[in-house]
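So the structure is just underneath, and the comments pick up after that.
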Amino acid sequence: MDADNLTRFAIRKMSEHKISARHLDESDEIVIFGSRSAGLERPNSDIDILCIGRSGQKLKTASLDLIVVHPDEVQKANWLGNELASHIARYGTWMKGNPEWVKDVRIGSAAVDAKQRRIAAFLRALPARWENFDDSFRQKYTTKLRRETQRLLLLERGIAIPPTRVLDESWSTFSIANREVEERVVGSMRPGESRFRRDLLDKIMTALDDQKAVPIPFQAPR
Amino acid sequence: MGTETKTKRIPSLKVLEAIAEGLEEILAYFGWQVSTASGSTSINGEPEVEENVLDETDSIDEDEHDEGEEEYFDREEVEVAVDAFISSLSASGVIRENRHGKLPSFGTVFAKFFGDEGEVAVLAGAFENDVKGYMGWISPDEMLSAKKRFMSIFGSVQEMLEEKMHGR
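Line by line, the protein sequences give chains H and U. The numbering of the first sequence is my numbering, which starts it at 25 and goes up by one. The numbering of the second sequence is my numbering, which starts it at 9 and goes up by one.
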C-alpha cells in the first residue's frame with residue numbers, strides 16, 4: 025500500500041471508530057507505524073497510529089490502535105531514547121506534521137534496561153505457574169519471550185525494533201545467530217526449573233529454526 | 009455498589025468464589041510503591057529510581073504515603089497472574105474454550121458472568137487494555153488506571169460474594 029492509500033485507509037479506520045475531525049485537526053503530528061506502515065500487514069492486521077497533540081484519547085480495538093503523546097513529551101530524553109520512538113522514527117509514515125524530533129532519536133540504555141527487566145520479570149514469574157498453565161498460555165509466553173529477547177538483542181545493537189512479523193519470519197535479516205537468542209534466554213534464567221526451561225528453549229529454537237530460508241521482503245519507509 | 013444496567017448479572021456462589029479466589033491472588037502483585045515526588049517517570053512506565061530504592065520503599069505502609077507518591081506494579085507479574093487465573097478457571101470447569109479452541113480473555117470472563125454491560129465487566133475490559141501497553145511501552149496514567157480498575161473489580165466481587173453468602 026503506498027503512502028496515499030495508507031493515509032486514506034487510516035482516515036477511514038479513524039472515522040469508523042468515531043475519532044473526531046477536531047481531534048485530528050488539533051494534533052501536531054499524525055503517524056502510522058507498525059506492520060501496515062512497513063508494508064508487512066496481514067489481512068486482519070490492525071492499524072497503529074500515533075497522534076502527537078494536546079488533546080485526545082488513546083483507543084485500542086482489534087482494528088485500530090491509537091496512542092496519544094503530548095508534544096512536550098516527544099522532546100524529552102525518555103521518549104527520544106525509547107523503543108517505541110525508535111520504531112516510529114524508522115518505520116513511521118507521517119500523515120500530518122513534520123518529524124523534527126526524529127533526528128534526535130537514539131536508543132538509550134534506559135530502553136535496553138527496561139527490556140532486560142521485562143524479560144527477567146517474566147522469567148521470574150513464569151516457572152511457578154508453568155505446570156498449571158493452559159497450553160495456550162505456555163505457547164503465548166514462549167512466543168513473547170522469544171520476541172522480547174530478539175528485541176533486546178536489537179536494542180543492544182542500536183537497531184530500531186522492526187514490526188513483529190520480521191522477528192517471526194525474517195530474523196536472518198539482522199545476522200544475529202539463533203543460538204544467541206537461546207543463550208540470552210538461558211542466561212536470564214534461574215538454575216533448575218527443568219520442565220519450564222526445556223519447554224521454553226525447545227519451542228523458541230523450533231520457531232527460529234523453522235523460519236523460511238528466504239526472508240520476507242520488507243522495505244522500511246525511511 | 010455500582011450502576012445497574014440491563015445486562016448486569018450475578019453468577020452463582022460457586023463461580024463467585026472461584027473468581028474471588030483468583031482475584032485475590034492477582035491482587036498480591038499490586039503491592040509496591042515508589043516515590044515519584046519529582047513527578048518523573050520514564051516513558052516505559054518504569055519509575056526512574058534505582059533498584060535499591062525500590063527495595064527500600066517496598067515495605068512502606070499504605071498509610072505512610074508522602075504527597076507525590078504514586079503506586080506502580082510489575083505488569084509482567086500481573087499479566088502472568090491473570091493468565092494463571094484464567095487457566096485455573098478453565099481447569100476447574102468454570103470456563104471453557106470457544107469453538108476456535110481459545111480460552112476467553114480476562115474481560116470476556118467477566119462479560120460472560122456479569123453481563124456484557126455490567127460495571128464489573130466494563131472495568132475488566134478496560135483493565136485488560138490498560139495493562140497491555142505497546143512494544144513494552146505503557147504510560148504512567150495507564151498503570152494507575154489499571155490498578156484503580158482492578159481494585160474496583162476486586163471490591164465489587166467481594167461485595168457480591170458477601171451478599172450471596174449471607175443470602176441478601
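Backbone N, C-alpha and C define an ideal beta-carbon position, used for all residues, glycine too.
Residue i to residue j, Cα distance in whole Å?
i        : j        : result
H:Glu50  : H:Val126 : 20 angstroms
U:Gly175 : H:Arg175 : 53 angstroms
U:Leu35  : U:Glu29  : 10 angstroms
U:Phe93  : U:Pro19  : 17 angstroms
H:Arg181 : H:Thr230 : 24 angstroms
H:Ser69  : H:Arg32  : 16 angstroms
H:Phe57  : U:Glu150 : 21 angstroms
U:Asp124 : H:Asn202 : 44 angstroms
H:Pro123 : H:Tyr115 : 12 angstroms
U:Thr116 : H:Ala149 : 24 angstroms
H:Phe198 : H:Ala27  : 26 angstroms
H:Asp158 : H:Asp192 : 23 angstroms
H:Ala45  : H:Pro95  : 19 angstroms
H:Ala138 : H:Lys164 : 21 angstroms
H:Val92  : U:Ala154 : 17 angstroms
H:Arg208 : H:Ser196 : 17 angstroms
Since residue i is in the beta strand (DSSP E), which residue starts that stretch and which ends it?
i        : result
H:Gly77  : 71–77
H:Val205 : Element bounds for H:Val205: not the beta strand (DSSP E) but the alpha helix (DSSP H), 202–212.
H:Val92  : 88–93
H:Asp52  : 51–57
H:Thr14  : The requested residue 14 of chain H does not occur in the structure, where chain H is confined to residues 25 to 246.
Buried or exposed for residue i, going by 16 or more other Cβ atoms inside 10 Å?
i        : result
U:Ala129 : buried
U:Met173 : exposed
H:Asp89  : buried
H:Arg78  : exposed
H:Pro187 : buried
H:Arg219 : exposed
U:Glu170 : exposed
U:Gly141 : buried
U:Gly109 : exposed
H:Asp226 : exposed
U:Lys22  : exposed
U:Leu24  : buried
U:Gly101 : exposed
U:His73  : Below a pLDDT of 50, predicted positions are generally treated as unreliable, and U:His73, at 38, falls in that range; no measurement from the model is reported.
H:Asn106 : buried
H:Pro67  : exposed
U:Glu136 : buried
With distances taken between CB atoms, is the gap from residue i to residue j smaller than 8 angstroms?
i        : j        : result
H:Asp223 : H:Gly121 : no
H:Leu74  : H:Ile112 : yes
H:Ala109 : H:Val129 : yes
H:Ile43  : H:Arg60  : no
H:Val205 : H:Leu232 : yes
U:Ile161 : U:Leu131 : yes
U:Val90  : H:Arg153 : no
H:Arg189 : H:Leu64  : yes
In terms of residues, what are the limits of the alpha helix (DSSP H) holding residue i?
i        : result
U:Met173 : 148–173
H:Ser160 : 159–180
U:Ala128 : It is Val, not Ala, that sits at residue 128 of chain U in the sequence shown. Start and end: 127–140.
H:Trp154 : 151–154
H:Ser39  : 27–40
U:Lys120 : 114–122
H:Thr197 : Taken as a continuous stretch (DSSP letters only), H:Thr197 belongs to no alpha helix (DSSP H), as it is neither H nor E.
H:Asp234 : Careful: H:Asp234 lies outside any alpha helix (DSSP H) and carries neither H nor E.
H:Asp125 : First, the residue type needs correcting, since residue 125 of chain H is Trp and not Asp in the sequence shown. H:Trp125 -> no alpha helix (DSSP H), and no H or E assigned at all.
Closest Cβ-Cβ distance between residue i and chain H: below 8 angstroms?
i        : result
U:Val88  : yes
U:Ser113 : no
U:Glu32  : no
U:Asn106 : no
U:Asp219 : No information on residue 219 of chain U is available, as it lies outside the stretch 9 to 176 that chain U covers here.
U:Ala92  : yes
U:Glu29  : no
U:Glu85  : yes
Indicate whether at least one CB of chain U lies closer than 8 angstroms to the CB of residue i.
i        : result
H:Asn156 : yes
H:Ser51  : no
H:Leu225 : no
H:Ile35  : no
H:Ile91  : yes
H:Phe220 : no
H:Arg199 : Checking the sequence shown, residue 199 of chain H turns out to be Ser, not Arg. Answer no: the Cβ-Cβ gap between H:Ser199 and chain U never drops below 8 angstroms.
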